[in-house]
Structures are given as C-alpha cells and as structure tokens.
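Residue numbers (our numbering): 943 to 1071.
Let me begin by presenting the structure, written as structure tokens, before commenting on it.
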C-alpha cells in the first residue's frame, strides 16, 4: 500500500523536469496577430511543453474568433448576454450601500468601466430612488 502512494505522488512523465507551481499562475506567451502585434495570451504554467505549443498554434489559427479588446465584444448578440432582473410587482426597491475602495483601486476601476461604456457594452441605468 505504501508503494501505491509513492507512485501516485510521482510527477507525470510529461511534466518531468519542470518546476511545480502553485495556484493559477499563467505564462504570457506572445500571440502575433495582424492588429495586435504585442498581444499576449495567458496560458497556465502546468500544461506540458508540447500541449502549450499546440495551444498557441490553435490560438494563432483562430485569432479572428477571440475578443482582443472590449470593442470586439460588441458583436455578441444581446439575447445571449443580456439579462433582466425579475422583480415582483409591488415590492419596494432597496437601495444598496455604496462600496468604497482605496484611491488607486478606484482609479483603475473607473478606467475599466469607462472602456466598457465606450465600447457600448454597459450603459448607465437611471432608477427612481
């Protein structure tokens, strides 16, 4: 029984000689596209070398399918990504507490939200209070 445990703990053949990593670290590989020459694609660090190469070739082959910028996501049908809030008629609206963030985080959040609004993915909703 002790032998079986030792066998299970051994690394797979394809991962031998590679450094083990914890968590979900990614290795950014260069993915050359016509529009985005310096675009990087995040690939997990656990796949074997051959699998990583095949994955990069797949990304390069189908680069026209991926959304590389926020504006590329506009082509997705609204029926697929839009949702409605089902609220029972007659219920009172509960105002949520304002969440605060540190100054540097707040700047990053505002920049990202502005990009998404410019891409027409989000729009400001005005509710009666």
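Heads up, the beta-carbon is just placed ideally off N, CA and C, and yes, glycines get one too.
None of these values were measured; they are calculated from a predicted model.
Look at residue 985 here: in three-state DSSP terms it is strand. Here residue 1050 carries a helix assignment [DSSP, helix/strand/coil].
Judged by DSSP secondary structure, residue 993 falls within the alpha helix (DSSP H) whose first and last residues are 991–1003. Where residue 1023 is concerned, the enclosing alpha helix (DSSP H) starts and stops at 1020–1023. In the three-state reduction of the DSSP assignment, residue 1029 falls in the coil class, being assigned neither a helical nor a strand state.
Collapsing the DSSP output to three states places residue 1037 in coil. In the three-state reduction of the DSSP assignment, residue 1063 falls in the coil class, being assigned neither a helical nor a strand state.
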